[in-house]
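Residue numbers for the sequence shown follow the working numbering, beginning at 4 and rising by one. Glycine residues also receive a C-beta, built at the ideal position from the N, C-alpha and C atoms. In this text the structure is predicted, and so the values were computed from the model without any measurement.
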Amino acid sequence: MRDRFNALPPYLQATVFGLMASVSAAIFSVFVRLATEHIDPLQAVFFRNFFGLLLIAPLAFRAGIAPLKTKRLPMFVLRAVLSMGAMSFWFSAIAYMPLAEATALNFTVPLFGTILAAIFLGETVRKYRVAALFVGFCGVLIIIRPGSETVQLASLLPIAAAICMASAGLTIKSLSKTENPTTIILYMMALTTPMTLIPALFVWQTPSLEALGLMLAGAFMANITQICNTNAFRVYDYGFVIGFNYLRLPFVSIIALVMFGEVPEIWLLPGAGLIIGSALFIARREAKLNRDANRIKRGPSATASDLDPPPTRDRAE
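As C-alpha cells, then:
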C-alpha cells in the first residue's frame, strides 16, 4: 500500500495529506468542544499539552539526545508563551462560540502574519498585499458586524488566537533555520505543559474519564494534523497545500450542524469567502516570490522546483 501511494504524483499525495489534515483538525475542534462541556477551557489547554507531550516524547527520544540539544532556549520559551496564548484563546472560542464562526475568524492568521512580518522582520508589503489585507479584514467585519445586536465579546477570541498563532509562526520560522521539526514540537510541549498548568489550577475541577478521553483523542488528532501538514508541504508546493487548510470550514460546519444543531448565519459565507480569498492570495504570492527568488539565485541555467527552500533574502511584496 505504501509503495502504491509513493508512486502517486506529488500533487495527489499532497492532496491526500491536505484532506486528512483538514478532517483531523475539524475533529480536533469537536473533541475540544465536547471536553469543555465538562472542564474549563484553560484546563483543556493543559491536558492538550500534557497528552501531546506523552505522545511526541517517544518519537523525539528515539533518535537520541543529541538532536534535542539547543542553544536557543529563550526563543523556545517565547514560542511556548505565544502558543499558550493561542491555545487559551482558541479553546475559549471553541467553547463559547459557534464552531463555524470561530473557525472562519481564525483564518485571519495569514493576514496578521503578513502585518507582523512587516513590523518585526522588515518585509516589504506592497499594494497587492495591502489590498488583500483590506479585503480580508472586511470579511472579519462582515462576520462580527460591529455595532449590531448580535456582536459578542467572544468574537474577539479567535482573532486574538490568530494574532498569537501568527506571532508564534514567526518564532517557528526563525527556529526552523537551526532546529529540526521534532525538536521544535517537543520543546513546545515540554514548556507549555507546566506553563498551562498554572492558569488551569485556578479553575481546576476533577476531570471525568470522559473528559480525559476526549482530550487524549484531541491531542492525538492534533498530532495527526501536524504530521499530515508536514508531509503535504514536504512533497508539494506551499501555495497548493495551504488551500486545503480552509476545507476545515465546511467540515466543521457540517459536524457542528449535525452534532450541536448550529446553523451558520447568512453573514458567515460572504465574510469567510473574503477572508479565505485574501489569505489564499497572500499564500500564493508568497510561494511565487519564493520560486522567482530561487531562480534568480540559481541563475538562468538552473532547473526550478516548487520544493526549493525559501530564499535567504527578504521578499518584497
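- Counting every other CB atom within 10 Å of its CB across the protein chains shown gives residue 101 a total of 16 or more, marking it as buried.
- For the region 228-261, the full-length alpha helix (DSSP H) segments reaching 4 residues or more read 241-244 along the chain.
- Per DSSP, residue 198 is one residue of the alpha helix (DSSP H) stretching across 184-205.
- Under the Cβ criterion (8 Å, minimum of three pairs), the region 189-204 counts as touching the region 51-64.
- Leaving aside the five residues that flank residue 114 on each side, the residues in its chain whose CB is nearer than 6 Å to its CB run, in chain order, 136, 139.
- Rounded to whole angstroms, the gap between the alpha carbons of residue 264 and residue 91 is 25 Å.
- Inside the region 22-102, DSSP marks whole alpha helix (DSSP H) runs of 4 or more residues at positions 44-64, 76-99, from first to last along the chain.
- Two segments are said to touch when three or more pairs of C-beta atoms, one from each, lie closer than 8 Å; by this definition the region 214-226 does not touch the region 71-78.
- Residue state for residue 181 is assigned as coil, using DSSP reduced to three classes.
- DSSP places residue 113 in the uninterrupted alpha helix (DSSP H) bounded by 112-123.
- Selection 274, 238, 281, 266 evaluated against residue 10 yields 238 as nearest (Cα-Cα).
- By the neighbour-count criterion, in which 16 or more other beta carbons inside 10 Å mark a residue as buried, residue 281 falls on the buried side.
- With respect to the 8 Å criterion, residue 20 and residue 249 are not classified as neighbours on the basis of their beta carbons.
- Per DSSP, reduced to three states, the secondary structure at residue 127 is strand.
- Within the same chain, 54 come within 7 Å of residue 219 by CB-CB distance, once the 5 residues on both sides are set aside.
- Around the beta-carbon of residue 182, 16 or more other beta-carbon atoms lie within 10 Å, marking it buried.
- Cβ neighbours of residue 196 within its own chain (closer than 6 Å, five residues either side excluded): 52, 53, 56.
- Rounded to whole angstroms, the Cβ separation of residue 29 and residue 258 is 6 Å, and the two are in contact under 8 Å.
- Around the beta carbon of residue 108, 16 or more other beta carbons lie within 10 angstroms, which makes this residue buried.
- Leaving aside the five residues that flank residue 99 on each side, the residues in its chain whose CB is nearer than 6 Å to its CB run, in chain order, 157.
- Spatial neighbours of residue 192 in its own chain (CB-CB distance under 7 Å, excluding positions within 5 residues in sequence) are listed in chain order as 52, 55, 56, 59.
- With contacts defined by Cβ atoms closer than 8 Å, residue 235 and residue 252 do not form a contacting pair.
- Around residue 83, the same chain offers 190, 191, 194, 195, 198 as residues with beta carbons nearer than 8 Å, after the five sequence neighbours per side are excluded.
- In this structure, 73 is the residue among 87, 45, 262, 73 with its C-alpha nearest to the C-alpha of residue 184.
- In this structure, the alpha-carbon of residue 14 lies about 32 Å from that of residue 267.
- CA-CA distance, residue 243 to residue 165, rounds to 21 Å.
- The DSSP-derived three-state label of residue 104 is helix.
- Assigned with DSSP and collapsed to three states, residue 211 falls in coil, not helix or strand.
- Here the alpha carbons of residue 128 and residue 103 stand approximately 30 Å from one another.
- Your pair residue 38 and residue 214 checks out as a contact, with CB atoms roughly 5 Å apart and the cut at 8 Å.
- Remark: C-beta atoms of residue 171 and residue 85 approach each other more closely than 8 Å.
- For the set 232, 260, 284, 17, the Cα lying nearest the Cα of residue 27 is the one of 232.
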